[in-house]
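Just so we're aligned: the sequence shown equals residues -21 to -1, 1 to 178 in mature numbering (1 follows the signal peptide of the UniProt record, and there is no 0).
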Amino acid sequence: MKFFTTLVLAFLITCSSFSQSQTEAIEKEAQTYYDYMTNMNLDGVLDYMHPKMFDMAPKAQMKAAMEQMFNSPQMKIEFISNTVNNISDTKKIDNVTYAVVYYNSKMRMIFLTEKDKPKEAQNDYLELMKSTMAAQFGSENVTIDADTTSLVINNNASMFAINDPQYDGWKFLSNEKNMAAFVNSIVPEAVRTALLEKE
């Protein structure tokens, strides 16, 4: 009986250590991904995206769209910080391992076309854009920075970390409502039910 108990304890410790090492690996890769995002290293960001994203648009086309979005003549987007807050347990189905990464992202939207306008016009525009962004992120997460003609947005969100043997290492897939159909086609319902926190 004592020998059996020792075996069970050893097994549990091994499983715990394996789970912890996987979590640490995911956290490291996710933080690297977010560091790339913060530093606008788009090639690095694209390398971490789940390859099925490129079924919708080729990688080169997606990079061009991102460059245009982040550096348009009208508006510039900068990431202030991207931080991993928590990582779920992992779940393996059909030899593919899944986890959910919960993170905080702070970004600045600078409205370049408003910079040379009178202060009153700038403030009116910023208030308008704040109400628009508040509908998506919540009013408590959107603040005006009049000095830089910008909005600062605080966003707590999640993404899936996926380790599929047919790809190299961990890949990430944003868990956004407007991408639900696409995400659901890649991440099994059993995974989503087991790993996502109930809101």
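Where is the CB? At the ideal position from N, CA and C, for every residue including glycine.
Just so it is clear, the structure is predicted and the values come from calculations on it, not from any experiment.
One or two residues paired with residue i in a DSSP bridge
| i | result |
| --- | --- |
| A140 | A78 and F151 |
| K85 | S60 and N133 |
| D124 | S129 |
| M54 | F90 |
Coil, strand or helix - residue i by DSSP
| i | result |
| --- | --- |
| S94 | A small fix is needed here, since residue 94 is Lys in this sequence, not Ser. It is coil, neither helix nor strand. |
| V24 | helix |
| S118 | helix |
| V162 | helix |
| N133 | strand |
| T69 | coil |
| N18 | coil |
| M41 | helix |
| residue 180 | This structure cannot speak to residue 180, because the chain is shown only from -21 to 178. |
Buried or exposed by the 16-neighbour rule on C-beta atoms within 10 Å, applied to residue i
| i | result |
| --- | --- |
| A160 | exposed |
| T128 | buried |
| A(-12) | Annotation note: pLDDT 43 at A(-12) (below 50); position unreliable, no value reported. |
| I59 | exposed |
| L107 | exposed |
Check whether residue i and residue j have beta carbons under 8 Å apart
| i | j | result |
| --- | --- | --- |
| Y81 | T69 | no |
| L152 | S67 | no |
| K42 | F49 | no |
| E57 | M86 | yes |
| N74 | P30 | no |
| K150 | M28 | yes |
| Y13 | N61 | yes |
Member of the options whose CA lies at the smallest distance from the CA of residue i
| i | options | result |
| --- | --- | --- |
| I72 | M16, N142, N154 and S(-1) | N142 |
| D125 | V63, S84 and E99 | The question names Asp, yet the displayed sequence has Ala at residue 125. For the residues V63, S84 and E99, the minimum Cα distance to A125 belongs to E99. |
| Q40 | P52, Y13 and L21 | L21 |
| residue 261 | V131, N65, Q53 and Q101 | Nothing in the structure corresponds to residue 261, since the chain is present only between -21 and 178. |
| S137 | E6, A113 and Q1 | E6 |
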